[in-house]
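Note sheet for the following structure.
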Amino acid sequence: MSELKLSNAQIAWRAAQDIEDGAYVNLGIGFPEMVAQYTVDGRTPVFHTENGLLGFGPAPEPGSEDWDLINAGKKAVTLKPGASFFHHADSFGMVRGGHLDVAILGALQVAQNGDLANWRVGNKGVPAVGGAMDLVHGAKRVAVLTDHVTKKGDPKLVDACTFPLTGVGCVTRVYTSLAVVDIVDGHFVLREKLAGMSMDDLQAVTGAPLHTEGDVADLVVPEL
Amino acid sequence: MDKRLPGLNEAVSGIKDGATVMIGGFGGSGNPIELIHALIDAGPKDLTVINNNAGNGKIGIAAMIDAGMVKKMICSFPKSSDPRAFTDRYMAGEIELELVPQGTLAERIRAGGTGIPAFYTPASYGTELAEGKPTAEFDGKHYVQERWLKADFALIKAELADHFGNLTYRMAARNFSPLMAAAAATTIVQATKVVEPGGIDPEQVHTPGIFVDHVVEVADPQQEEALIRAGVEYERA
Numbered sequence: 016m017s018e019l020k021l022s023n024a025q026i027a028w029r030a031a032q033d034i035e036d037g038a039y040v041n042l043g044i045g046f047p048e049m050v051a052q053y054t055v056d057g058r059t060p061v062f063h064t065e066n067g068l069l070g071f072g073p074a075p076e077p078g079s080e081d082w083d084l085i086n087a088g089k090k091a092v093t094l095k096p097g098a099s100f101f102h103h104a105d106s107f108g109m110v111r112g113g114h115l116d117v118a119i120l121g122a123l124q125v126a127q128n129g130d131l132a133n134w135r136v137g138n139k140g141v142p143a144v145g146g147a148m149d150l151v152h153g154a155k156r157v158a159v160l161t162d163h164v165t166k167k168g169d170p171k172l173v174d175a176c177t178f179p180l181t182g183v184g185c186v187t188r189v190y191t192s193l194a195v196v197d198i199v200d201g202h203f204v205l206r207e208k209l210a211g212m213s214m215d216d217l218q219a220v221t222g223a224p225l226h227t228e229g230d231v232a233d234l235v236v237p238e239l
Numbered sequence: 026m027d028k029r030l031p032g033l034n035e036a037v038s039g040i041k042d043g044a045t046v047m048i049g050g051f052g053g054s055g056n057p058i059e060l061i062h063a064l065i066d067a068g069p070k071d072l073t074v075i076n077n078n079a080g081n082g083k084i085g086i087a088a089m090i091d092a093g094m095v096k097k098m099i100c101s102f103p104k105s106s107d108p109r110a111f112t113d114r115y116m117a118g119e120i121e122l123e124l125v126p127q128g129t130l131a132e133r134i135r136a137g138g139t140g141i142p143a144f145y146t147p148a149s150y151g152t153e154l155a156e157g158k159p160t161a162e163f164d165g166k167h168y169v170q171e172r173w174l175k176a177d178f179a180l181i182k183a184e185l186a187d188h189f190g191n192l193t194y195r196m197a198a199r200n201f202s203p204l205m206a207a208a209a210a211t212t213i214v215q216a217t218k219v220v221e222p223g224g225i226d227p228e229q230v231h232t233p234g235i236f237v238d239h240v241v242e243v244a245d246p247q248q249e250e251a252l253i254r255a256g257v258e259y260e261r262a
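Here the protein sequences come in this chain order: A and B.
Counting in the working numbering, the first sequence runs from 16 upward without gaps.
Counting in the working numbering, the second sequence runs from 26 upward without gaps.
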């Protein structure tokens, strides 16, 4: 494992460790979908997708796709035993109604008060929101997977979001390439960090104060 | 009672200029391609179209936009693997967009079909999509007021239909269709198979026939995703 930063696969692996057996889980399109690959042995989470399906499995073999059986990213999926179909209003009722255990999303920025920006960089081009603004409300845990900094090196964990907001005060935990950070009462609380990284180095790439409550554990993940 | 019509052209002939049309489907899943193409042939203009997306490739809703039939899209995600049709018109200022969070879109349509003029949702609170909308606090949390959404017509793809308009849907093709069937003044259905009343087990009906006006059988319907992957382009007959 590199001491510098985790790969996306390793961030997804870490997030998967917190998904309990039997949890109902929505994974955002793209990077968060990787979490399903690292489901802990012996646990059976049920994956929800906004277009109206609980209990889907991995993509089928190329050539055997059924385009009536897709996920919210419009990718072909398969059915697991115990799956169910429902209409869109029921699907988002499951989200807002507090029935999901965890929703995992990507982020452009997360603020220390739990605000999330992940749908739009500016006001150019065609805006498209999909289900992002709904998914951040209602799940018992709303977790974010992200690199700790942007490609330019700017912090993605910030004092206040500068990009257009997806939701206010909605994020509960952030899994980054360097750390696991909870949002508690309007501030970042550091739970885990890479062992090779000092508190000062981590704080230097974080846009708001990192608080601690007791010990900070080492963030340990396998080679993937 | 028999809601069957002999063909697609008869089914869409009542859709006139300026109508608001809900179109079922999420991406290609549940997209009533044959009804949409019949509507392109009929050619009404200045339509407001409600769908989760805003067309893909050169078929279906994208072909409606290319044909200059669509004045406004109400949708959550006007992007796709090939969003050229909508993007070009939007960037040229030739098509309006009402962008609605996906769950709010579904709930607004449900509200339209079930007699609920407005409701409150947490989605979009504090964001630019809530600007200008009333908000309220309930039990310490903030919510945005959203209005119902209705339409003059809904175009729906079903798996089975009977003569009374009872419907079933295939897998995830259900998505918005049961909501739209209820929210439109006139609901037009293409079904892969049309059966006699009693041909669908009442326990298996997804949309009761009270929400359906017209049924046309389209055996072996096309699939938007497959057509796009094949590079198919629809041109008015």
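No residue lacks a Cβ here, since even glycine has one placed at the ideal position from N, Cα and C.
Note that the structure is predicted; figures quoted are calculated from it, not measured.
Using a C-beta to C-beta distance shorter than 7 angstroms, which residues of chain B count as neighbours of residue 85 of chain A? Locating residue 85 of chain A in the first sequence gives position 70, where the first residue counts as 1. Those are 52, 54, 197, listed as they occur along chain B.
Which whole-angstrom value describes the C-beta separation of residue 45 of chain B and residue 75 of chain B, a residue pair presumed to lie in contact below a C-beta threshold of 8 angstroms? Start at 1 with the first residue of the second sequence, and residue 45 of chain B comes out as number 20. Start at 1 with the first residue of the second sequence, and residue 75 of chain B comes out as number 50. 7 angstroms between Cβ atoms; contact.
Beta-carbon contacts of residue 186 of chain A that lie in its chain and below 7 angstroms, excluding the five residues immediately before and after: Numbered from 1 along the first sequence, position 171 holds the residue referred to as residue 186 of chain A. Cβ neighbours of residue 186 of chain A beyond the five flanking positions: 125, 129, 131, 157, 159, 198.
Measuring only between beta-carbons, confirm whether residue 154 of chain B sits less than 8 angstroms from chain A. Mapped onto the second sequence, residue 154 of chain B falls at position 129. So yes, residue 154 of chain B belongs to the interface.
Can you give the beta carbon distance from residue 213 of chain B to residue 37 of chain B, rounded, assuming they're within the 8 angstroms contact cut? Taking the first residue of the second sequence as 1, we reach residue 213 of chain B at position 188. Taking the first residue of the second sequence as 1, we reach residue 37 of chain B at position 12. About 7 angstroms separates the two Cβ atoms, so the contact holds.
Taking 8 angstroms as the cut-off, decide whether the C-beta atoms of residue 100 of chain A and residue 197 of chain B are in contact. Translated into positions along the first sequence, residue 100 of chain A becomes position 85. Translated into positions along the second sequence, residue 197 of chain B becomes position 172. Yes; because the gap between Cβ atoms is below 8 angstroms, this pair is in contact.
Checking 8 angstroms against the spacing of the C-beta atoms, do residue 78 of chain B and residue 106 of chain B come in under that value? Position 53 of the second sequence, counted from the first residue, corresponds to residue 78 of chain B. Position 81 of the second sequence, counted from the first residue, corresponds to residue 106 of chain B. The answer is no: Cβ separation not under 8 angstroms.
Buried or exposed (CB count within 10 angstroms, at least 16 for buried), residue 144 of chain A: Start at 1 with the first residue of the first sequence, and residue 144 of chain A comes out as number 129. So residue 144 of chain A counts as buried.
In the stretch 131-217 of chain A, which residue ranges form an unbroken beta strand (DSSP E) of at least 3 residues, counting only runs that do not cross its ends? 156-161, 188-191, 194-199, 202-208
Inter-residue CB distance, residue 349 of chain B and residue 174 of chain B (contact presumed, cutoff 8 angstroms): Residue 349 of chain B cannot be examined here, being either before or after the span of chain B that is shown, 26 to 262.
Option in A/177, A/147, A/190, A/206 with minimal Cα separation from residue 150 of chain B: Counting from one through the second sequence, the residue named residue 150 of chain B turns up at place 125. The residue with the shortest Cα to Cα distance from residue 150 of chain B is A/147.
What is the rounded straight-line gap between the Cα of residue 264 of chain B and the Cα of residue 105 of chain A? This structure leaves residue 264 of chain B out entirely; chain B is present only between 26 and 262.
In chain B, which residues lie with their C-beta within 9 angstroms of the C-beta of residue 111 of chain A? Residue numbering aside, residue 111 of chain A sits at position 96 when the first sequence is read from its first letter. Those within 9 angstroms of residue 111 of chain A in chain B are 128, 132, 146, 147, 148.
Can residue 188 of chain B and residue 162 of chain B be called in contact, C-beta distance under 8 angstroms? Taking the second sequence and counting its residues from 1, the one referred to as residue 188 of chain B is at position 163. Taking the second sequence and counting its residues from 1, the one referred to as residue 162 of chain B is at position 137. No, the Cβ-Cβ distance between residue 188 of chain B and residue 162 of chain B is not below 8 angstroms.
Can you round the beta-carbon distance between residue 179 of chain A and residue 135 of chain A to whole angstroms, since I take them to be within the 8 angstroms contact cut? In the first sequence, the residue the question calls residue 179 of chain A occupies position 164. In the first sequence, the residue the question calls residue 135 of chain A occupies position 120. Sure, about 5 angstroms apart at Cβ, within 8 angstroms.
Validate contact between the stretch 50-63 of chain A and the stretch 34-41 of chain A using beta carbons, cut 8 angstroms, 3 pairs: yes
Within 8 angstroms of any Cβ in chain B, is that where the Cβ of residue 66 of chain A sits? Position 51 of the first sequence, counted from the start, is the residue given in the question as residue 66 of chain A. By this cut-off, residue 66 of chain A is an interface position.
Does DSSP put residue 29 of chain B in a helix, in a strand, or in coil? On the second sequence, residue 29 of chain B is found 4 positions in, with the first residue counted as 1. Residue 29 of chain B falls in the strand class under three-state DSSP.
Please report how far the alpha carbon of residue 41 of chain A lies from the alpha carbon of residue 97 of chain A, in whole angstroms. Against the first sequence, residue 41 of chain A aligns to sequence position 26. Against the first sequence, residue 97 of chain A aligns to sequence position 82. Looking at the two C-alpha atoms, the distance is approximately 17 angstroms.
For the stretch 115-134 of chain B against the stretch 114-122 of chain A, are there 3 or more C-beta pairs whose distance is under 8 angstroms? no
Please classify residue 260 of chain B as buried or exposed, where buried requires at least 16 neighbouring CB atoms within 10 angstroms. Position 235 of the second sequence, counted from the first residue, corresponds to residue 260 of chain B. By the neighbour-count rule (16 or more Cβ atoms within 10 Å), residue 260 of chain B is not buried but exposed.
Interface residues of the stretch 128-152 of chain A facing chain B [CB-CB below 7 angstroms]: 141, 142, 143, 144, 145, 146, 148, 149, 152
Return the bridge partner residues of residue 226 of chain A from the DSSP annotation. By 1-based counting over the first sequence, the position of residue 226 of chain A is 211. Bridge partners of residue 226 of chain A: A/204.
I'd like to know if residue 203 of chain B contacts chain A, where contact means its C-beta is closer than 8 angstroms to some C-beta of that chain. In the second sequence, the residue the question calls residue 203 of chain B occupies position 178. Taking Cβ atoms only, chain A reaches closer than 8 angstroms to residue 203 of chain B, which makes this a yes.
Please decide whether residue 107 of chain A counts as near chain B, where near means a Cβ-Cβ distance under 8 angstroms. Residue mapping note: residue 107 of chain A aligns to position 92 of the first sequence, counting from 1. Answer yes: the Cβ-Cβ gap between residue 107 of chain A and chain B drops below 8 angstroms somewhere.
Alpha-carbon to alpha-carbon, residue 127 of chain A and residue 174 of chain A: Position 159 of the first sequence, counting from 1, holds the residue named residue 174 of chain A. Position 112 of the first sequence, counting from 1, holds the residue named residue 127 of chain A. Computed Cα separation, rounded: 6 angstroms.
Where does residue 26 of chain A fall in DSSP's three states? For this step, residue 26 of chain A is matched to residue 11 along the first sequence. If DSSP states are grouped into helix, strand and coil, residue 26 of chain A belongs with the helices.
Given a threshold of 16 other Cβ atoms within 10 Å of its Cβ, counted over all protein chains shown, does residue 138 of chain A qualify as buried or as exposed? Position 123 of the first sequence, counting from 1, holds the residue named residue 138 of chain A. The residue is exposed, with fewer than 16 neighbouring Cβ atoms inside 10 Å.
Helix, strand or coil at residue 203 of chain B [DSSP, three-state]: For the purposes of this step, residue 203 of chain B is taken as residue 178 along the second sequence, with counting starting at 1. Three-state result, residue 203 of chain B: helix.
Residue 219 of chain B: buried (16+ other C-beta within 10 angstroms of its C-beta) or exposed? For the purposes of this step, residue 219 of chain B is taken as residue 194 along the second sequence, with counting starting at 1. By the 10 Å Cβ count, residue 219 of chain B comes out buried.
Taking C-beta pairs closer than 8 angstroms, name the residues in chain A that residue 135 of chain B reaches, listed in chain order. The count along the second sequence starts at 1 and reaches residue 135 of chain B at position 110. Neighbours of residue 135 of chain B on chain A, chain order: 104.
Would a C-beta distance cut-off of 8 angstroms place residue 257 of chain B and residue 84 of chain B closer than the cut-off? The residue you call residue 257 of chain B lines up with position 232 of the second sequence. The residue you call residue 84 of chain B lines up with position 59 of the second sequence. Result yes, Cβ atoms of residue 257 of chain B and residue 84 of chain B sit closer than 8 angstroms.
Which listed residue (B/231, B/177, B/247) has its alpha carbon closest to that of residue 202 of chain B: Numbered from 1 along the second sequence, position 177 holds the residue referred to as residue 202 of chain B. Closest option to residue 202 of chain B, Cα to Cα, is B/231.
Tell me which same chain residues have a C-beta within less than 6 angstroms of the C-beta of residue 179 of chain B, skipping the five on either side of it? For the purposes of this step, residue 179 of chain B is taken as the residue at position 154 of the second sequence. Counting only Cβ-Cβ distances below 6 angstroms, and skipping sequence neighbours, we find 47, 205, 206, 209, 212.
Local Cβ density within 10 Å of residue 237 of chain A, reported as buried at 16 or more and exposed below that: Start at 1 with the first residue of the first sequence, and residue 237 of chain A comes out as number 222. So residue 237 of chain A ends up on the exposed side.
Pick out whichever of A/152, A/94, A/142 has its Cα sitting closest to the Cα of residue 129 of chain B. The residue you call residue 129 of chain B lines up with position 104 of the second sequence. Ranking the options by Cα distance to residue 129 of chain B, first place goes to A/152.
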